[in-house]
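For reference, the structure discussed in these notes is given below.
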Amino acid sequence: MWFSSLSQLCILSTIIIVLINQYIFIVQAGNCFFQRTNDLCYGLSEADTNEELCSGSYYSDSDIKELDGFAYAENCRPVNVLPKLCDFNCGLGQQCQLINNEEMCVCSEASCTSSDSLSSKIEQHPLCASNNMTFSSECAMEAWKCFNQQSALYKKYDGECQKDCQNVRCPSHKVCLLVQNTGEPICYPKNHCNSTLNPEPVCDTNGITYPNICVMRLSSNRQGQTPVLAHKGSCENECRPDLCEANERCVYSKQFRPVCIRCQYSSTFLKHSGECTMNIPICGDDQNLYENYCSLLFAQCYKNQYINITGYGACPTKKRKNINRNKFKYLNRFSKLKVN
1393 MWFSSLSQLC
1403 ILSTIIIVLI
1413 NQYIFIVQAG
1423 NCFFQRTNDL
1433 CYGLSEADTN
1443 EELCSGSYYS
1453 DSDIKELDGF
1463 AYAENCRPVN
1473 VLPKLCDFNC
1483 GLGQQCQLIN
1493 NEEMCVCSEA
1503 SCTSSDSLSS
1513 KIEQHPLCAS
1523 NNMTFSSECA
1533 MEAWKCFNQQ
1543 SALYKKYDGE
1553 CQKDCQNVRC
1563 PSHKVCLLVQ
1573 NTGEPICYPK
1583 NHCNSTLNPE
1593 PVCDTNGITY
1603 PNICVMRLSS
1613 NRQGQTPVLA
1623 HKGSCENECR
1633 PDLCEANERC
1643 VYSKQFRPVC
1653 IRCQYSSTFL
1663 KHSGECTMNI
1673 PICGDDQNLY
1683 ENYCSLLFAQ
1693 CYKNQYINIT
1703 GYGACPTKKR
1713 KNINRNKFKY
1723 LNRFSKLKVN
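To convert, note that position 43 of the sequence shown is 1435 in the working numbering; the numbers rise steadily by one, no gaps.
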């Protein structure tokens, strides 16, 4: 007798659990509608459905009510269905989503941290990008690159952005150098310099002769500063015919050493090169602060002397003289330069 009662109790408990589960299911599900007026949804499309299955434009978690035969619900809001993901690998910083039943790659920072994303499984560490911004990971950089349509953005080196090479750690096949027009460090691939293409000796502006241009370019100091080419061949004490190339001019540095400079530039160089378009002020050893590296190059031709770079952003001494824009209108108009 007690066994039968026990069986009935188990059946009753099962029914209660089912009812409870059913009740929970009803509470979790809402109702989908085609239309909305203020806070009210009407024009029922699906009842007791999850939001991702809604075919209408509006959704309410509240119970359906009726008035004059019309179903409506309060707390009406637009359907907020998260995009469905697909299995296609879009690469770092992007995510595949089903949009209008088509697989599409979209920019996504969330893919870098999502546990089911391929991007999140790649080693995460900070890096410095070519726009001098520090990103938390390569994936984060690629996502920013995608959102901002900066296709030319690339990783300069691992770790936070630095002002010189002292704390930059480059791979063994690269060396840290400062970019001359910006003063920023980069990891330069050693194999980009092929000494067999230019095997002859060269002279730098400090009067030191190197066996070839590659040895000179890769001879940076601890800060990453590299020697600047004065002219090809062994160092000489004065300008002479044929010391410089046909498109160059021989002038003297502040130390009275001969230096070959260019004074002829193509229109493409003037309009699109990084030297001219990046306005990072540069201080010369003539104590003038120039608008950018290109302005310094033009001033060399105007003054007929070599100007060495002593700093970026500001001149390091109190004797700094800001560039006189009226005197050097040629910097913007290029009137003193020949354009090929």
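Glycine included, C-beta positions come from ideal geometry on N, C-alpha and C.
Being a predicted model, the structure only gives us computed values, none of them experimental.
What whole-angstrom Cβ distance do residue i and residue j have, given they're in contact under 8 Å?
i     : j     : result
P1604 : P1619 : Per the sequence shown, residue 1604 should be read as Asn rather than Pro. Not confirmed; about 12 Å, so no contact.
L1545 : S1529 : Actually they do not touch by this definition, with Cβ atoms about 14 Å apart.
L1635 : C1652 : 7 Å
Y1694 : E1667 : In fact, because the Cβ distance is near 16 Å, the residues do not count as touching under 8 Å.
A1465 : E1501 : Not really, about 35 Å apart at Cβ, beyond 8 Å.
P1577 : C1595 : 25 Å between Cβ atoms; not a contact.
What residue does the beta strand (DSSP E) around residue i start on, and which one ends it?
i     : result
L1490 : 1486-1491
F1426 : 1422-1429
M1496 : 1494-1499
K1624 : 1621-1624
N1680 : 1680-1682
V1560 : Careful: V1560 lies outside any beta strand (DSSP E) and carries neither H nor E.
Y1698 : It is not in any beta strand (DSSP E) - Y1698 carries neither H nor E in the DSSP assignment.
Which of the three DSSP states, helix, strand or coil, is assigned to residue i?
i     : result
S1452 : strand
H1734 : This structure cannot speak to residue 1734, because the chain is shown only from 1393 to 1732.
C1668 : helix
S1437 : strand
V1607 : helix
K1547 : strand
F1417 : The predicted model places F1417 with a pLDDT of 27, which falls under 50 and marks its position as unreliable, so this point remains unresolved.
F1462 : strand
C1504 : helix
F1527 : strand
K1711 : Because the pLDDT at K1711 is just 48, under 50, the model does not fix this residue reliably, and the value given afterwards should be weighed accordingly. Three-state DSSP puts K1711 in coil, outside helix and strand.
L1589 : coil
L1635 : coil
T1660 : helix
E1444 : helix
F1480 : coil
Could you tell me the boundaries of the alpha helix (DSSP H) in which residue i lies?
i     : result
K1457 : Note, K1457: premise wrong, no alpha helix (DSSP H); beta strand (DSSP E) at 1457-1459.
F1690 : 1685-1695
C1538 : 1530-1539
Going by DSSP, which residues form a beta bridge with residue i?
i     : result
C1568 : C1579
I1653 : R1641
A1521 : K1547
C1675 : L1681, G1703
V1594 : Y1602, K1624
R1469 : Y1451
L1432 : T1429
Let me check you understand the geometry: is the CB of residue i closer than 7 Å to at least one non-hydrogen atom of the ligand MN?
i     : result
C1606 : Summarising the ligand content, the structure contains no ligands, and the ligand MN is consequently not present.
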